[in-house]
Amino acid sequence: MGRGDDPLHLSVTVVIPAYNEEEGVRTCLESVLRQTVAPDQVIVVDDGSTDGTPLILEEFRGRVEVVTLVENSGNKALALGAALPHIRGDVVIHTDADSELDLRAIELLLAHFLDPRVGAVSGIVVSRRHNILTSVRELQYIMGQEVYKRGMGVLGTVMVIPGCVGAVRRDLFDPSPDTVTEDMDQTLTVMKAGHRVVYEPRAVALTSDPPNLHSYVRQSWRWFSGYFQNVRKHFSSLPRRMKFQMAYLSVENILGTVMPFFMVYLASAPRRGSLVMAFVLGEVASWLAIALYGALRLRRIDLIPAALISPVVRVIDGFLWTGTAVSELLLNRRDVTWRRADRFRFASEAGELRGSEPGLAGGREKGVGGDGSGGRPRNAPPHLNEPLIGEPLQGGHDPVPVNVERV
7 MGRGDDPLHL SVTVVIPAYN EEEGVRTCLE SVLRQTVAPD QVIVVDDGST
57 DGTPLILEEF RGRVEVVTLV ENSGNKALAL GAALPHIRGD VVIHTDADSE
107 LDLRAIELLL AHFLDPRVGA VSGIVVSRRH NILTSVRELQ YIMGQEVYKR
157 GMGVLGTVMV IPGCVGAVRR DLFDPSPDTV TEDMDQTLTV MKAGHRVVYE
207 PRAVALTSDP PNLHSYVRQS WRWFSGYFQN VRKHFSSLPR RMKFQMAYLS
257 VENILGTVMP FFMVYLASAP RRGSLVMAFV LGEVASWLAI ALYGALRLRR
307 IDLIPAALIS PVVRVIDGFL WTGTAVSELL LNRRDVTWRR ADRFRFASEA
357 GELRGSEPGL AGGREKGVGG DGSGGRPRNA PPHLNEPLIG EPLQGGHDPV
407 PVNVERV
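Residue numbers (my numbering): 7 to 413.
If you want it as C-alpha cells, here you go:
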C-alpha cells in the first residue's frame, strides 16, 4: 500500500537516534524504507558517533535526513529532541538504530489514529536470538506484552511505548531528559493529557538485547531506575487505574525479592521442604508454559531451555528492583545518563519472523526495495531533502550544550 492509498492522509516522520550503531543502522534504515506505508520523512540523529555510523548514513543520502551532534549527548531524550525542529509529519514513529521493523509496522501503528482519542500506539518487541540470556529476555517480553500489555491496551492505559516501536501524534511528541527511560516518560505524559495509549501486537520490531550478564544488569538497572524516576514525576497526577497498575507491578517485584528468603526459611523448617519444591516446580512450570507458547508462535525452540533459568534471573531482577528503589526514592541518587549496552553481530531476521508470525506481511524480502533491485523502495516518497544542517536543541530541553553540524 503506497502513500496515496493511505485512508488516514496523515504524514509520517520516523525518528531514529543512533550512537555507534554501525552494526545495525543499515538494517534498521532498510526496514524503515521498505514499509508497506512509506514514511514521508526519515530523520536519523547521529548522537556523536565515533565508529562507522556516519559513513553508513552517507549511503542513504537523499532518502534520509541526518542531524549530527558533534558530541554524545549522554541522554537519549536529548538526541530525540534534536530532531524536533525538523519534524514535518502529523505522526512521529520512533525506533532504535539496532532494531528492525516488520514490513507492515507503520501501516498497523498508523491505523489506530483513526480514533481521535488515541494519542500514542505501542508495537511489540521481539528479541533477536543469540544466546540463552537473550532468550530469557524474550520470555520476559512475551509475559510483559502478551499478558500485561494486552490488558492495558484494552483499557487504553499502556504504561510504556517501547523506544524501538511506537507512534505518537506530533503535537504530543516532546521527549524529556528528566528520566533515563524517556519512552515511559513520554507515554505517561500523553496519558496525563487525556489521550488513550493503545497496543498493536502485530507491529513488530526485532531488537538486540544484552548478550552477557553484566550488560543485562546494566540495562535492567536503567529500566528500573527510570521506572522510579517516572513514579516520582507522574504518579500523583495519573488516573486511578494507572496508579493501580503501578502498585500491582511494585508488589509483584517486591515479592520477587523477598521470596528467596522465604524459601530458605521454609527449607530450614522441619517437614517444609515439600512446600519449597512445590513452589520451585510451579515457578518453572509457569515459565515453561510461556516458553511453549513462544516456541509455537515464533518457532523458537531456544525458549524452552531458557525457561529453566528464568526463575533465577527473576530473583536477580527482584534485587535490582529493590536496589533502584532505594537509590532513587530513598537516597535520591537521580541518574539520567544513558549508558550504552553491549551488542552482538546479527543478520536480518525479519523475513523469518514474517514467515512465522500470524497476521504479519510476507514477501518482498530482497534488497531495500523488496523487489530484488537493492535500490530505492518501490513505495518510497519521490524525494527526501538532503541531510539537514542541524540547529541547537529547542523545545525547552537543552540542559547540555551540544553543537550540531552537517554530516
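Where is the CB? At the ideal position from N, CA and C, for every residue including glycine.
Notebook entry, point to check: Can you give the Cα-Cα distance for Thr193 and Tyr147, rounded to whole angstroms?
Noted result: 18 Å
Note to self: Here's a check: name, in chain order, each residue in its chain whose Cβ is nearer than 8 Å to the Cβ of Met7, leaving out the five neighbours to either side.
What the structure shows: With a pLDDT of 47 at Met7, under the threshold of 50, the modelled position of this residue cannot be trusted; read the value that follows with caution. Result list for Met7: Thr42, Val43, Glu113, Asn385, in chain order.
Notebook entry, point to check: DSSP beta-bridge partners for Asp52?
Noted result: Ala24, Thr74
Next item on the list: Would you tell me roughly how many angstroms separate the C-alpha atoms of Ala312 and Ser242, rounded to the nearest one?
Entry: 38 Å
Notebook entry, point to check: With distances taken between CB atoms, is the gap from Thr163 to Val131 smaller than 8 Å?
Noted result: Taking the C-beta atoms as reference points, Val131 is found no nearer than 8 Å to Thr163.
Next item on the list: Give the secondary structure of His100 by DSSP, where H, G and I count as helix, E and B as strand, and everything else as coil.
Entry: strand
Next item on the list: To the nearest angstrom, report how far apart Leu16 and Gly95 are at their CA atoms.
Entry: One C-alpha to the other measures close to 7 Å.
Check: Excluding sequence positions up to five away, which residues of its chain have a Cβ less than 8 Å from the Cβ of Ile93?
Finding: Thr19, Val21, Gln47, Ile49, Arg176, Phe179
Margin query: In this structure, how does DSSP classify Asp226 when only helix, strand and coil are distinguished?
Written below: Sequence inspection shows Ser at residue 226; the Asp mentioned does not correspond to that position. Looking at Ser226 - three-state DSSP - the assignment turns out to be helix.
Check: Are there 16 or more other CB atoms within 10 angstroms of the CB of Pro45, so buried, or fewer, so exposed?
Finding: buried
Notebook entry, point to check: Alpha carbon to alpha carbon, what distance is there between Arg306 and Gly68?
Noted result: 38 Å
Check: Excluding the five sequence neighbours on either side, which residues of its own chain have a C-beta within less than 6 Å of the C-beta of Leu390, listed in chain order?
Finding: Note on Leu390: pLDDT 29, under 50, position unreliable in the model; no value is reported.
Next item on the list: Determine the direct distance from the alpha carbon of Pro181 to that of Val97, and round the result to whole angstroms.
Entry: 14 Å
Next item on the list: Apply the 10 Å Cβ neighbour rule to Gly200 and answer buried if 16 or more other Cβ atoms are within range, or exposed otherwise.
Entry: It is exposed - the Cβ of Gly200 has fewer than 16 other Cβ atoms within 10 Å.
Note to self: Applying the 10 Å Cβ sphere with the 16-neighbour rule, what's the burial state of Asn78?
What the structure shows: buried
Check: How many Å lie between Ser55 and Ala24 at the Cα?
Finding: 7 Å
Note to self: Just to confirm my understanding: we take Gly125, look at its own chain, exclude 5 residues before and 5 after, and list those with CB closer than 6 Å. What are they?
What the structure shows: Arg175, Leu178, Val196, His201
Checklist line | Classification of Ser274 by the beta-carbon crowding that lies within 10 angstroms, buried from 16 upward | finding: exposed
Item checked: Pro168 beta carbon less than 8 Å from that of Ser128 -> yes
Notebook entry, point to check: Counting only runs that start and end within the segment 154–231, where is the beta strand (DSSP E) found for 3 or more residues in a row?
Noted result: 172–175, 202–213
Margin query: I need the straight-line Cα distance from Thr438 to His240, nearest angstrom please.
Written below: No answer is possible for residue 438: the residues shown for the chain start at 7 and end at 413.
Check: Hey, out of Leu314, Phe234, Tyr299, Arg246, whose CA is closest to Ala331's CA?
Finding: Among Leu314, Phe234, Tyr299, Arg246, the Cα nearest to that of Ala331 belongs to Phe234.
Next item on the list: Determine the DSSP secondary structure at Val43, reduced to helix, strand or coil.
Entry: coil
Note to self: Buried or exposed for Met190, going by 16 or more other Cβ atoms inside 10 Å?
What the structure shows: buried
Check: Using DSSP with H/G/I as helix, E/B as strand and the rest coil, what is Gly300?
Finding: helix
Checklist line | Nearest-angstrom Cβ-Cβ length linking Ile310 and Ala301, presumed shorter than 8 Å | finding: 6 Å
Margin query: Please list the terminal residues of the continuous alpha helix (DSSP H) segment that includes Ser316.
Written below: 309–331
Checklist line | Three-state secondary structure (DSSP) of Glu36 | finding: Helix, per DSSP.
Checklist line | N-terminal and C-terminal residue of the beta strand (DSSP E) that Ile130 is part of | finding: 124–133
Margin query: For Met248, report the span of its alpha helix (DSSP H) as first-last.
Written below: 246–274
Check: Comparing alpha-carbon positions, which option in Leu63, Pro122, Pro207, Asp104 lies nearest Met149?
Finding: Pro207
Next item on the list: Answer yes or no: do Glu27 and Thr59 have a C-beta to C-beta separation smaller than 8 Å?
Entry: Note that the C-beta distance between Glu27 and Thr59 is below 8 Å.
Notebook entry, point to check: With distances taken from CA atoms, which of Arg135, Gln251, Asn236 is nearest Lys155?
Noted result: Check the Cα spacing between Lys155 and each of Arg135, Gln251, Asn236: the tightest is with Gln251.
Notebook entry, point to check: Which whole-angstrom value is the C-beta distance of Ser333 and Ser231, which I expect to be below 8 Å?
Noted result: Right, the Cβ-Cβ distance comes to about 7 Å (below 8 Å), so this counts as a contact.
Check: Nearest to Lys82 by CA position, among Glu29, Ala117, Asp108, Cys170, is which residue?
Finding: Cys170
Notebook entry, point to check: How is the alpha helix (DSSP H) around Leu16 delimited, first residue to last?
Noted result: Counting along the chain, Leu16 falls outside any alpha helix (DSSP H), and DSSP gives it neither H nor E.
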